[in-house]
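Novice: The structure's right below; bear with me while I get my questions together.
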Amino acid sequence: KKLLLVDVDCGVDDAQALMMALAAPEVQILGITCCFGNSTIEHVCRNVLRVLKVCNRMEIPVFRGVSHSLLCEKNPPFAHFGGDGLGDAGDPNSPGLVLLQKEHAVHAMIRLINEHQHQISLVALGPLTNVAMAVKLDPSIPQKIKKLFIMGGNLEGRGNRTPCAEFNFCLDPEAAYIVLNDYTCPTYIATLEFALGNKLTKDYFEKWVNQDTEKAKFMKTITMKLQQKDDFVSYDSYAVAAAIDGTIIADYLECAVNVELQGLYTRGMMVLDVSDKWKKKHKAILMKKADLEKFKQRLWAALA
Ligand code: BDR
Ligand code: CA
């Protein structure tokens with residue numbers, strides 16, 4: 003089986019991505035590490051437990067990670083998926099945080115990667131703070147992971163958090179910098195433009211959440227209060243889909259990347275060295291086009 007370690011800031015699309023991974027028969031999730039982002043770290047942890055509960059997979063260990071960025075920047079709350087990250091739908095039977103592992107997410111990441119050297123693909127779906135801290139505590143881990151998959155950054159300087167920066171990079175630009183420069187393993191990035199360029203229709207979404215399953219009911223509930231536009235974009239699911247099945251990436255660009263740390267307007271923006279000016283050895287693999295049919299099948303299975 004493909005071994006995955008998934009780091010999340012569990013909002014609605016992280017939940018969708020997790021459910022996709024949980025439904026993939028060829029995948030084993032060794033652990034889920036939590037990071038602040040779509041909501042507070044407490045909500046994120048609780049959301050992951052809720053997802054595992056509805057999928058009947060409470061045996062997967064969940065680890066609490068960082069609650070703020072490396073520079074402890076105050077981030078105004080991001081209400082895209084509601085205050086709690088899962089559409090403020092409430093859940094009286096939500097599993098308690100006592101079910102979390104005692105070990106810190108960053109320590110768990112380092113331990114699991116050392117226990118399964120060259121076997122694990124790390125999938126990062128939130129701000130990159132846990133992932134950055136892991137390499138600073140144990141600089142050997144990039145050589146010990148198989149592949150790194152990131153949802154984050156942007157190709158064309160267009161943002162969803164600020165005019166120029168994508169949410170995950172923007173919430174912790176220093177962490178993104180550390181990850182893009184220290185992780186010299188094969189690194190696959192599902193950028194904002196990639197997700198937006200491969201969106202699904204509202205019609206697909208409606209059929210998807212109206213399947214007659216508990217998982218679909220859960221998804222319907224947590225997306226109820228969200229403003230549904232004409233399109234459906236499940237950002238984090240693209241990174242997970244690529245980790246499950248590499249052939250879902252129909253086209254890509256290999257290029258050295260970095261992140262702007264100082265720009266007054268551009269802090270958090272991903273920078274591409276398309277003409278190889280830096281002569282940086284490590285190039286990232288930027289996903290450009292998805293095999294949408296395969297992607298849709300994987301997403302469908304998440305709620306089936
Ligand atoms: C990313 O930001 C988060 O809100 C989503 O969960 C996704 O990881 C999209 O920019
Ligand atoms: Ca996310």
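For reference, each letter of the sequence shown is one residue, going 3 to 306 in full-length UniProt numbering.
Think of the CB as a built atom: it goes at the ideal place given N, C-alpha and C, for glycine as much as any other residue.
1. Note down the Cα distance separating residue 291 from residue 11, rounded to an integer number of angstroms.
2. Go ahead and label residue 28 buried or exposed: buried means 16 or more other beta carbons lie within 10 angstroms of its beta carbon, across all protein chains shown.
3. When we look at the beta-carbon of residue 58 and count the other beta-carbons within 10 Å, is it buried (16 or more) or exposed?
4. Just jot down, in chain order, the residues whose CB lies closer than 7 Å to any heavy atom of ligand 2.
5. Bridge partners for residue 125 per DSSP, in chain order?
6. Take the Cβ of residue 129 as the centre, count every other Cβ of all protein chains shown within 10 Å, and call the residue buried at 16 or more, exposed below.
7. Nearest by alpha-carbon distance to residue 62: which of 297, 162, 171, 101 is it?
8. Buried or exposed for residue 45, please, with buried defined as at least 16 other CB atoms from any protein chain shown within 10 angstroms of its CB.
9. Hey, is residue 283 close to ligand 4, as in C-beta under 7 Å from one of its heavy atoms?
10. Report the partner residues of residue 299 according to the DSSP bridge assignment.
11. If you compare alpha carbons, which of 223, 5, 183 is closest to residue 32?
12. Could you check if residue 45 belongs to the surroundings of ligand 1, using beta carbon to heavy atom distance under 7 Å?
13. Hey, residue 40 and residue 67: beta-carbon distance below 8 Å or not?
14. Tell me whether residue 82 counts as near ligand 1, meaning its Cβ is closer than 7 Å to at least one heavy atom of that ligand.
15. One question on the structure: do residue 22 and residue 252 come within less than 8 Å of each other, judged by their Cβ atoms?
16. Rounded to a whole number of angstroms, what is the C-alpha to C-alpha distance between residue 281 and residue 274?
17. Tell me the rounded alpha-carbon separation between residue 78 and residue 48.
18. So, is residue 154 buried or exposed, given that buried needs 16 or more other C-beta atoms within 10 angstroms?
19. Between which two residues does the beta strand (DSSP E) carrying residue 100 extend?
20. Could you work out which residue in 55, 231, 3 is closest to residue 217 when comparing CA atoms only?
21. If you check the beta carbons only, do residue 187 and residue 150 fall under 8 Å apart?
22. Between the stretch 225-233 and the stretch 182-197, are three or more C-beta pairs nearer than 8 Å?
23. Out of curiosity, what's the CA-to-CA distance linking residue 261 and residue 193?
24. How long is the line joining the alpha carbons of residue 38 and residue 269, rounded to whole angstroms?
25. Determine the burial state of residue 2: buried for a count of at least 16 other Cβ atoms within 10 Å of its Cβ, exposed for fewer.
26. Tell whether a beta-carbon distance below 8 Å holds between residue 107 and residue 169.
Specialist: On the basis of the data shown:
1. For residue 291 and residue 11, the distance between alpha carbons rounds to 25 Å.
2. exposed
3. exposed
4. 10, 11, 13, 15, 16, 39, 40, 127, 128, 153, 170, 237, 238
5. Beta-bridge partners assigned by DSSP to residue 125: 8, 151.
6. buried
7. Residue 62 has its Cα closest to that of 101, out of 297, 162, 171, 101.
8. buried
9. Questions concerning ligand 4 fall outside what the structure shown contains, since the ligands it does hold are ligand 1 and ligand 2.
10. Answer is none; residue 299 lacks a bridge partner.
11. 5
12. no
13. no
14. yes
15. no
16. 12 Å
17. 21 Å
18. Buried is the call here.
19. First-last for residue 100: undefined, no H or E at that position.
20. When C-alpha distances from residue 217 are compared across 55, 231, 3, the shortest belongs to 55.
21. yes
22. no
23. 13 Å
24. 19 Å
25. Nothing about residue 2 can be reported from this structure: the residues present for the chain run from 3 to 306 only.
26. For residue 107 and residue 169, no; Cβs fall outside 8 Å.
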